[in-house]
Amino acid sequence: MRRALIAGNWKMNLDRAASVALAKAIAEQAKAVEGVDLAVFPPSVYIDAVRETLHGSRVSWGAQNMYPQPNGAFTGEISAAMLVDLGCHYVILGHSERRHILGETDAQINQKILAALAAGLVPVVCVGELLADREAGHTGKVIRQQLEGSLANLSAEQIAASVIAYEPVWAIGTGKVASPEQAEEVHMDLRKILAGRYNATIAEGVRILYGGSVKASNAAELLAQPNVDGALVGGASLKADEFLGIAAGVSRKA
Ligand code: 13P
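Written out as structure tokens, the structure is:
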């Protein structure tokens, strides 16, 4: 049985005070929501402040990115060990904004995933097609390429310790959410790819989140799909009510 995860990717938003206030509000409201894992991903400079606020609550935290090397002359970068030091449980890797704006490749993402796992972090590995890919009928091919490239050389134990997020690029920040059927179709495909690469038991255990314009009003029907195990939420995660409203959709499912 896969336990749902509702993850809030704050991206490059908020300042220190607003991050702490949001974390506080989420921790408070989270007390009323059961049967679902909750996590927030603040900008890295505010992780420590958020950690102090969330410590002892039922909300975990993580980072939006990291660098694969353990230490050294990598100006501006942050290692997996540093994130562990900040109490991070998760790290988002391969987000489409990093793939498409910052030019990250599957090979680089793969290095990051391996380093994250080695440090004991849970990678939230993002994949997703562009609108042009979908319109050309290439969604399946793109998703497979990204998944296989990002997960190269991962053992069965390592994939079992990871989370996958399907985020169609055309649905991110656009208000155009994938239909529950569109999401379910890709999630099922992803699980089939995992079953082929590993085995059915591993594939059945991996949590696959949907991301892209998820909000409280559309979450329940997405989360009701059998292969949608949670949500990776951007804009709506910046408001405690919305974020917890999404989590409440899972509770109803359970
Ligand atoms: P939105 O929820 O703002 O569409 O962002 C989704 C996302 O990219 C989460 O990682």
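Okay, so the sequence shown: first residue is 1170 according to this note's numbering, each after it adds one.
Every residue, glycine too, gets a C-beta built ideally from N, C-alpha and C.
Check, Outcome
"Using a Cβ distance threshold of 8 Å, determine whether the region 1361-1373 contacts the region 1334-1348, with at least three qualifying pairs required.", "no"
"Helix, strand or coil for D1206? Go by DSSP, reduced to three states.", "strand"
"Tell me, please, whether the region 1211-1230 touches the region 1188-1195 by the rule of three or more beta-carbon pairs shorter than 8 Å.", "yes"
"Taking 7 Å as the cut-off, is the CB of S1331 close to at least one heavy atom of ligand 1?", "no"
"In this structure, does DSSP put W1230 in helix, strand or coil?", "strand"
"If you measure from each CB to the nearest heavy atom of ligand 1 and keep those under 6 Å, what residues do you get, in chain order?", "N1178, H1264, E1336, I1341, G1342, G1380, G1381, S1382, V1383, L1401, V1402, G1403, G1404 and A1405"
"Using alpha carbons as the reference points, say which of L1316, K1180, R1303 and W1339 lies closest to V1332.", "L1316"
"Any contact of the region 1231-1249 with the region 1305-1315, i.e. 3+ C-beta pairs under 8 Å?", "no"
"Residues bridged to A1176 by DSSP?", "A1208 and L1401"
"Start and end of the alpha helix (DSSP H) containing I1341?", "It is not in any alpha helix (DSSP H) - I1341 carries neither H nor E in the DSSP assignment."
"Is the beta carbon of V1260 sitting closer than 8 Å to the one on G1289?", "no"
"Let me confirm a value: V1214 is counted as buried when at least 16 other C-beta atoms fall within 10 Å, else exposed. Which label applies?", "exposed"
"How about A1334 and L1207: are their beta carbons less than 8 Å apart?", "no"
"Among residues of its own chain, excluding the 5 on either side of A1196, which ones have a beta-carbon nearer than 8 Å to its beta-carbon?", "T1222, L1223, S1226, R1227 and V1228"
"For I1270, which three-state DSSP category applies?", "coil"
"Can the beta-carbon of D1398 be found closer than 8 Å to that of R1376?", "yes"
"Could you work out which residue in L1183, L1174, K1180 and D1184 is closest to V1205 when comparing CA atoms only?", "L1174"
"Check S1248 in the structure and name its three-state DSSP category.", "strand"
"Report the CB separation of E1380 from L1401 in whole angstroms; it is logged as a contact under 8 Å.", "Note on residue identity: the sequence assigns Gly, not Glu, to residue 1380. The pair is a contact, with the Cβ atoms about 3 Å apart (cut-off 8 Å)."
"I need the straight-line Cα distance from S1265 to F1210, nearest angstrom please.", "15 Å"
"Using a Cβ-Cβ cut-off of 6 Å (strictly less than) and excluding sequence neighbours within five positions of L1299, which residues of its own chain qualify?", "V1338"
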